[in-house]
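The block underneath contains the structure these notes are about, expressed in structure tokens.
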Amino acid sequence: MRTKRVFENPFYFLLFAVCFLFASAYAIAAAQSQGIVEGRLTNGTDPSLVPADVDLDVISLSNGMSIIKSGKTGREGKFRFDGLPTDAEIMIRAGYESASYLARATFDNMGKASVEIQVYETTKSMNNIQAQAVRIAFQSTGDRLHATETISFNNQTKPPQTFMNEEGNYRFSKPSDILEVPDMEVTAPGSSMPLAQTPLESPDGQSYYSIYPLRPGVTTFEVLQILPYENKSYTYRKKFFYDVESFDIGVIPSDLDLSGEGLTKIQTDTQKNFSIYRGGAIKAGTEVIFALSGGTTTPGAQSSGETPDSNQTTVRSFPNAVGLNAATIVSLLLMGFVLILWYAFNYSRPHAKGNRKSDARGLKEQYERVLNFLAVLEHQYETQSLDRSEYIRQNEQGKRLLRRISELLNK
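Under the numbering used here, the first residue of the sequence shown is numbered 33, with each subsequent residue one higher.
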């Protein structure tokens, strides 16, 4: 009878309903948070070297790229995480010798997953790491010249090692009259989806560099630079930092004149409106000079600041033989992570002058942290768990963040 009177009171009934809902939600969450990941790290350079005491992060791709747990490997390189959500996509990230390595955790029907991550020792030697497939493209659009450079590094170190140099793993010269900070994409070994980056400027202001590690296999960098093309004329100076056996240069439109020592025109396609030139072997440290002039303005070509016509031929129109891509860089940063780091850089850094070396080291660590998240986001987009519109929307946010880091490093 007392129980009946209690439920006749609307307040008690509502209280009971709320408690029931919370209890049900907790039970569901608890059931979904019983995932267990067990695994180990193996050393791909020397199996006898056990990756012990290595920092690990469990990253949820379904919750704004959040780190939900952290830990370390044991003496035998093994690790275990429990209480993980089984209804979310999980990645395990290992930070070994300043480079990051990732693996996806797939839960079975019992809520268990087994993961093995192969890591490598690092080297600062370029021995057995070859620069290849060097391609440059120039496209005139009104009073601007878009220059795109693509280069691949084939890491064939034996035993396999990851190239990691704090002074730069990939370096390219900086034109003195460049109009904007270059855009850059990096495609990791075995991946088909590029990562957006902002290169760092060297202390002498003569070049840019990236600290993205060169893991065993082929890593490809693509850089887009915007240069002035007033009076339809430009002199392009470039210093090669690596030995190359040959390089190709594509120009749009096809009647854009290109001249330089050792260049030979090998193809002209008037229908697709491009021409291709080829250069011979270049030694590291060599500076080359290319003179560009003329070029019929293509339909839809615009001056700076205007939006190009969607029908305008772009560098994307080059055939596979050239394989050039001057499209806008696509960022993979999620808004939550960007805002957190943006706040940290703008408000959390001390205003008092401190140890510049320590500041630079901290900024490079944050830069690498962003790259780590970009690597995870690459997987998220590649597996179509990230909508393309969201993928594109985060582009400017990610680039502004990386540029901010670059600016702080160059102060």
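Cβ atoms here follow ideal geometry from the backbone N, Cα and C, with glycine treated the same way.
Since the structure is predicted, the reported quantities are computational estimates derived from the model, not experimental observations.
Test item: CB-CB of residue i and residue j under 8 Å
i    : j    : result
S242 : Q229 : yes
I149 : A126 : yes
E254 : T182 : yes
Y133 : V151 : yes
R176 : P260 : yes
I68  : D114 : yes
E153 : T77  : yes
M123 : L93  : yes
Q257 : A316 : no
I91  : Q171 : no
Assigned secondary structure, residue i (DSSP; H/G/I helix, E/B strand, else coil)
i    : result
I183 : strand
E262 : helix
S342 : At S342 the pLDDT is 39, less than 50, meaning the model places this residue with poor confidence and gives no usable figure here.
I437 : helix
F272 : coil
T302 : coil
G103 : strand
Y244 : coil
A220 : coil
F322 : strand
T138 : coil
L116 : strand
K206 : coil
N75  : strand
Y152 : coil
D280 : strand
A169 : strand
L88  : strand
Other residues of its chain near residue i: CB distance less than 6 Å, five sequence neighbours each side excluded
i    : result
G485 : Within the shown structure, residues of the chain are numbered from 33 to 443, placing residue 485 beyond reach of any answer.
A131 : T194, M196 and P245
R112 : E70
M216 : Q229, P231 and V255
G237 : none
V276 : A163, V166 and I314
A145 : V69, A137, T138 and F139
S265 : S325
Whole-Å CB distance - residue i paired with residue j, under 8 Å assumed
i    : j    : result
V86  : T105 : 5 Å
V213 : L227 : Contact flag wrong, Cβ pair sits at about 17 Å.
S234 : D289 : About 32 Å separates the two Cβ atoms, so there is no contact after all.
G282 : F306 : 6 Å
E88  : S102 : The identity of residue 88 in the sequence shown is Leu, whereas the question assumes Glu. The Cβ separation is near 7 Å, so the contact holds.
R136 : G109 : Not quite, the Cβ-Cβ distance comes to about 19 Å (not below 8 Å), so this is no contact.
F185 : A163 : 6 Å
T118 : T155 : Rounded, the Cβ-Cβ distance is 39 Å, inconsistent with contact.
Spatial neighbours of residue i in its chain, beta-carbon cut-off 7 Å, leaving aside the 5 residues before and after
i    : result
N201 : F195, S242, I243, Y244, P245 and L246
G249 : N187, P221 and G222
Q299 : S307 and I308
D209 : L259 and P260
A287 : Note that residue 287 is Asp in the sequence shown here, rather than Ala. Contacts found: G326, G327 and T328.
Closer than 7 Å: residue i CB and nearest the ligand PLP heavy atom
i    : result
P231 : You won't find the ligand PLP in this model; it holds no ligand whatsoever.
Cutoff 8 Å; reference residue i; Cβ partners in own chain excluding five residues on either side
i   : result
P83 : L73, T74, N75, T105, G109, A126, Y128 and V151
Okay, do the region 204-219 and the region 263-275 touch, 3+ Cβ pairs below 8 Å being the bar? yes
Would the region 282-293 count as touching the region 317-324 if we require 3 or more Cβ pairs under 8 Å? yes
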